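In my numbering, the protein residues as written are 615 to 786.
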C-alpha cells in the first residue's frame, strides 16, 4: 500500500530508502527524512510554508501532526528522537536524543535540547527553551526535574526497538 507523498509548489519530500512510512501517513512538500527513521500511521508532515527536517533513527508515532509557521519558521527534529502518539509539533526544534510524550504540544519557536523529555499531554508554549537533561510537564509545561541517568541510558534501547519494529513493518 502506498502512503500519501505529495509535492507542494515544486518541492517533493525526500525520504531515505530505509525509512518506514505507514500507508496512511501524509507527507507534503519540503520534508526530508533521514535513514532508519519511521513515520507511523495517520501521521501528517506538512512542509508547505517552510521546511521540516527529521534526523536519522527518529520515530514519529501514530497520529502525530508536524507543521511549520507561515512566518517561515521550520520544524527541525534531530537524530534518535522519540515523538509519542498524537503529538503536535509546530515550528519548533527538537534536538537529538530527546523524548516527546504522547499528546504533547510544542509551539512555535520552542527548543527542546538533547537528552530532554516532555511529559505526555504537556503544552510547551511558544519560545520556551527546555535545556539539556530536563523533564518538563503540565499545561503550560514547566520544569519538573532533571532527567535521571538511567532514563538517558535506556534511550538507545527505545530507539532500537522502533528501528527493529519499523523493519518488520517494511516487509508488509
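Glycine residues also receive a C-beta, built at the ideal position from the N, C-alpha and C atoms.
As the structure is a computational prediction, the values presented were derived from the model and not from experiment.
Closest by CA to residue i, which one among the options?
i	options	result
residue 788	669, 675, 646, 688	With the chain represented from 615 up to 786, any question about residue 788 goes unanswered, as that position is not in the structure.
residue 746	712, 686, 639	712
residue 659	755, 735, 730, 619	619
residue 699	641, 719, 682, 668	719
residue 731	697, 740, 621, 677	697
residue 774	694, 729, 759, 738	694
Contact defined as beta carbons within less than 8 Å: I believe residue i pairs with residue j. What is the distance between those atoms, to the nearest angstrom?
i	j	result
residue 673	residue 776	4 Å
residue 723	residue 705	7 Å
residue 733	residue 715	5 Å
residue 680	residue 692	With a Cβ gap of about 13 Å, residue 680 and residue 692 do not count as contacting.
residue 753	residue 736	7 Å
Just to confirm the assignment, what range does the beta strand (DSSP E) spanning residue i have?
i	result
residue 775	Note, residue 775: premise wrong, no beta strand (DSSP E); alpha helix (DSSP H) at 763-784.
residue 647	640-647
residue 618	618-620
residue 757	756-760
residue 715	Note, residue 715: premise wrong, no beta strand (DSSP E); not H, not E.
residue 749	748-751
Looking only at its own chain, which residues have a Cβ that is under 6 Å from the Cβ of residue i, when we skip the five neighbours before and after it?
i	result
residue 644	625, 661, 665
residue 686	664
residue 742	724
residue 649	630, 632, 670
residue 678	657, 697, 701
Can you name, in chain order, every residue of its own chain whose Cβ lies under 7 Å from the Cβ of residue i, other than the five neighbours on each side?
i	result
residue 684	663
residue 757	748, 750
residue 772	696
For a test of your reading of the model: does the CB of residue i fall under 7 Å from any non-hydrogen atom of the ligand SAM? Yes or no.
i	result
residue 770	Among the ligands in the structure shown, none appear at all, so the ligand SAM cannot be discussed.
**Message:** My parser needs the alpha helix (DSSP H) runs of 4 or more residues fully inside the segment 677-706; what are they?
**Reply:** none
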